[in-house]
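Per our numbering, numbering through the sequence shown is continuous, rising by one, with the last residue being 113.
Have a look at the structure below, then the notes.
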Amino acid sequence: MAQQWTTEISKKLHQARIDENLKEHVRALSILDRTSISDVTEQALRNHIDSNQTRLSQYYIEQSKGI
47 MAQQWTTEIS KKLHQARIDE NLKEHVRALS ILDRTSISDV TEQALRNHID
97 SNQTRLSQYY IEQSKGI
């Protein structure tokens, strides 16, 4: 496992405005899940969107009414 960690530690997030702690968590999850940083980031966004479906639905309803 130590070898894999050293080979995977070079994974980086390039978004400068993302908190360093958050970047480190995403990097660690990508290593633990053996997936890409992009995949971890996409899954996090999907989870956030899924958990806000009610709010999003309401937003789109209001937008369609011109509110």
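Glycine included, each C-beta is placed from N, C-alpha and C at the ideal position.
Would residue i and residue j be called neighbours here (beta carbons separated by less than 8 Å)?
i, j, result
"V86", "L75", "yes"
"I83", "R92", "no"
Whose C-beta lies closer than 8 Å to the C-beta of residue i among residues of the same chain, with five residues either side of it excluded?
i, result
"L102", "I95"
Reducing DSSP to helix, strand and coil, say where residue i ends up.
i, result
"D65", "coil"
"T81", "coil"
"N98", "coil"
Closest to residue i by CA distance: which of the options is it?
i, options, result
"A90", "E108, H71, Q104, I107", "H71"
Can you find the residues in the same chain that come closer than 6 Å, C-beta to C-beta, to residue i, ignoring five residues on each side of it along the sequence?
i, result
"E88", "none"
"I107", "none"
Taking only beta-carbon positions, decide if residue i is within less than 8 Å of chain C.
i, result
"E66", "Reference to chain C is not applicable here, since this structure consists of a single protein chain."
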